[in-house]
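Student:
Residue numbers (this note's numbering): 13 to 166.
1. Helix, strand or coil for residue 26? Go by DSSP, reduced to three states.
2. Beta carbon of residue 81, beta carbon of residue 92: below 8 Å?
3. With distance defined between alpha-carbon atoms, name the residue in 113, 114, 108, 143 nearest to residue 127.
4. Output the residue ranges of the alpha helix (DSSP H) runs that lie fully inside the stretch 27–70 and measure 4 residues or longer, sorted by chain position.
5. Please confirm whether residue 137 and residue 122 have their CB atoms less than 8 Å apart.
6. Among 72, 118, 27, which one has its Cα closest to the Cα of residue 134?
7. Within 10 angstroms of the Cβ of residue 70, are there 16 or more other Cβ atoms? Answer buried if so, exposed if not.
8. Excluding the 5 residues preceding and the 5 following residue 40 in the sequence, name in chain order all residues of the same chain whose CB lies nearer than 6 Å to its CB.
9. Assuming residue 153 and residue 20 form a contact by the criterion Cβ under 8 Å, report the distance between their Cβ atoms to the nearest whole angstrom.
10. When we look at the beta-carbon of residue 15 and count the other beta-carbons within 10 Å, is it buried (16 or more) or exposed?
11. Give the DSSP-derived three-state secondary structure of residue 15 in the structure shown.
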């Protein structure tokens, strides 16, 4: 499962729109790792995913809370930002295992900070600067991730 897919997104609106496409591709299940430097748009993309399920309120970065839960139209979505995590074992205190189940979609920013405590990703998504826009590339890691990746290209 090593094929990499790519798309160029020229602005924030297209990033949010692609997030909605990710929502459709996941059907509310799976684990997606979001990689990229500070300011690349990981939270913007997550906002698009969460709104893609019909969430109407704000979507804020969980930088200080580590996780923001959303229940939208019967779907459980958990948005993690592990940037400020100093030790992966802190995730045990958060009850990390309770979030990752087959009935949830988990979006994880800065997954390297939780190494050893997080389950494997179904899809790894990398965001990089491309001119004024962004280039997104994604690599499936599981059979579920391959299904998601294929749907994102259709």
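Ideal placement from N, C-alpha and C gives every residue a C-beta, glycine not left out.
Tutor: According to the data block:
1. Here residue 26 corresponds to residue number 14 of the chain shown, with the count starting at 1. Helix, per DSSP.
2. As a working note, residue 81 is residue 69 in the chain shown. As a working note, residue 92 is residue 80 in the chain shown. No, the Cβ-Cβ distance between residue 81 and residue 92 is not below 8 Å.
3. Counting from 1 along the chain shown, the entry for residue 127 is found at position 115. Ranked by Cα distance from residue 127, the options 113, 114, 108, 143 are led by 108.
4. 54–64
5. The count along the chain shown starts at 1 and reaches residue 137 at position 125. The count along the chain shown starts at 1 and reaches residue 122 at position 110. 8 Å or more divides the Cβ of residue 137 from the Cβ of residue 122.
6. Walking along the chain shown from the start, residue 134 turns up at place 122. Nearest option by C-alpha distance: 118.
7. Locating residue 70 in the chain shown gives position 58, counting from the first residue. The residue in question, residue 70, is exposed, as its Cβ has fewer than 16 Cβ neighbours within 10 Å.
8. Working through the chain shown from its first residue, we reach residue 40 at position 28. For residue 40, where only same-chain residues beyond five positions count, the Cβ hits under 6 Å are 87, 117.
9. The residue labelled residue 153 in the question sits at position 141 within the chain shown. The residue labelled residue 20 in the question sits at position 8 within the chain shown. A Cβ-Cβ separation of about 23 Å leaves residue 153 out of contact with residue 20 under the 8 Å criterion.
10. The residue given as residue 15 occupies position 3 in the chain shown. By the 10 Å Cβ count, residue 15 comes out exposed.
11. Walking along the chain shown from the start, residue 15 turns up at place 3. In this structure, residue 15 counts as coil in the three-state DSSP scheme.
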